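Working notes, beginning with the structure itself.
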Amino acid sequence: MGVLSWIIVGLIAGWLATQVMRGGYGLVGDIILGIIGGLVGGYIAGTLFGVTDAVNGINVTSILVAAVGAIILIAVSRMFLRPRRA
């Protein structure tokens, strides 16, 4: 998958994840979140479900896998970065 494909899938997946999780990170933040989410989602899909190439181009499956990975990233980051009350 080329760099432009990663950016497009990352943008769409990051935007979907921020819509689901109610928070915005801006254009660049959404792209980065989606790209890393694609890596996380692809790893999870390969490990848990045996899917060998889950993120393989600009298609619905790749976008959904990347979005799920991005949602997981947001949820985990909120668990650890949540401000603590005194």
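The C-terminal position of the sequence shown is numbered 68 in our numbering, with every residue numbered one higher than the one before it. Here a beta-carbon is modelled for each residue, glycine too, at the ideal position from N, C-alpha and C. All values derive from a computational prediction rather than experimental measurement.
Taking the alpha carbon of residue i as the reference point, which residue from the options has its own alpha carbon closest?
i       : options                     : result
ILE14   : MET3, VAL37, GLN1, TRP(-12) : TRP(-12)
GLY11   : GLY32, ILE56, THR29         : ILE56
LEU(-7) : LEU46, THR34, PHE62, GLY16  : GLY16
The alpha helix (DSSP H) with residue i in it runs from where to where?
i       : result
TYR25   : 8 to 31
ILE54   : 42 to 63
ALA(-1) : -15 to 3
When the distance is taken between beta carbons, is residue j closer than 7 Å to residue i?
i       : j     : result
ALA(-1) : GLY23 : no
ALA(-5) : ALA52 : yes
VAL(-9) : ILE40 : yes
Regarding residue i and the ligand GDP, is the C-beta to nearest heavy atom distance less than 6 Å?
i     : result
ILE17 : Among the ligands in the structure shown, none appear at all, so the ligand GDP cannot be discussed.
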